[in-house]
Amino acid sequence: MADHLKLYHNPQSRAVIAHWALEEAGAEYDLVPVDFQAGDTRRPDFLALNPMGKVPTLLLPDGTVVTETPAIVAWAADAYPEARLAPAPTSSQRGAYYRWLFFGSGCFEPAMTEVMMRKEAAPLPRSTVGWGTFDDVVSALEGTLGKTPYLLGDGFSAADLYIASQLSFGSMFGAPRLKDSFVLQSYIERCVGREAHRRVNAG
Ligand SMILES: N[C@@H](CCC(=O)N[C@@H](CS)C(=O)NCC(=O)O)C(=O)O
């Protein structure tokens, strides 16, 4: 059993999103460095925690393991309600909150993988793949964020933390449209300008 939360982490990975979420939540945690080059993710003790051999992986004090970045983000938001990162389950905003969290993993991430890693290939069939096209995904985000500063309106939530992180990675890796979108770039700036994100970046 761990005494604190333990976040298995690598600074060049999606684990920085989970790290930001724990910092926003005000959680006490230890970062456990995971060295990809040294093969840490393929070691039996790590695979026993996460058979996918991936970070982020979060170990709770009671021995529960949480994997998958949006699950860790959502867990942190609910486990530390005083940080106000998620609307209450009964709030009228809860549906939109789920929508955008799942949009991040179910639409943005695979759409970006397709557009960045299958550049030469014909697009996958729009009506069959769950994300339609990368253009559809970007337009959906721009449509909402062109009207309100955050996905749920005026207030930041864990859904923004996840989506802004993905948009920021996508911009960094040169995904189409993102860098040229004033709406999306100002949204990223608003989100990553938060104190908790600065603390994570400062190491
Ligand atoms: N579905 C996972 C993906 C996690 C993932 O792909 N992590 C990569 C780094 S960004 C990783 O751990 N790679 C190391 C490896 O596969 O050995 C999530 O959303 O957290």
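Numbering of the sequence shown is given in our numbering, commencing with residue 154 and proceeding in unit increments. Glycine included, each C-beta is placed from N, C-alpha and C at the ideal position. The structure presented is a predicted model; accordingly, all values stated were derived computationally and were not measured.
Inset, instruction - Evaluate the contact criterion for the stretch 188-205 versus the stretch 167-176: three or more CB pairs, one atom per stretch, below 8 Å. - result: no
Legend entry - Assigned exposure category for G248 - 16 Cβ within 10 Å defines buried: exposed
Legend entry - Three-state secondary structure (DSSP) of Y233: coil
Legend entry - heavy atom of ligand 1 below 8 Å from T222 C-beta: yes
Inset, instruction - Provide the residue span of the alpha helix (DSSP H) that contains L175, from first to last. - result: A168 to A178
Legend entry - Counterpart residues of Y182 in DSSP-defined beta bridges: L158
Inset, instruction - Tell me whether N354 counts as near ligand 1, meaning its Cβ is closer than 8 Å to at least one heavy atom of that ligand. - result: no
Inset, instruction - Could you work out which residue in P204, W253, A168 and K207 is closest to V291 when comparing CA atoms only? - result: W253
Inset, instruction - Quick one: residues in its chain with C-beta nearer than 7 Å to the C-beta of A317, no 5 flanking neighbours on either side, listed in chain order? - result: Y340, I341, C344 and V345
Inset, instruction - Using the DSSP secondary-structure output, state which residues sit across from T220 in a beta bridge. - result: T210
Legend entry - Residues that DSSP places opposite G306 in a beta bridge: Y303
Inset, instruction - Measure the C-alpha to C-alpha separation of L331 and D231 and round it to an integer number of angstroms. - result: 30 Å
Legend entry - E267 Cβ short of 8 Å to ligand 1 heavy atom set: no
Inset, instruction - Please determine if the stretch 263-271 and the stretch 204-215 are in contact, where contact requires at least 3 C-beta pairs separated by less than 8 Å. - result: no
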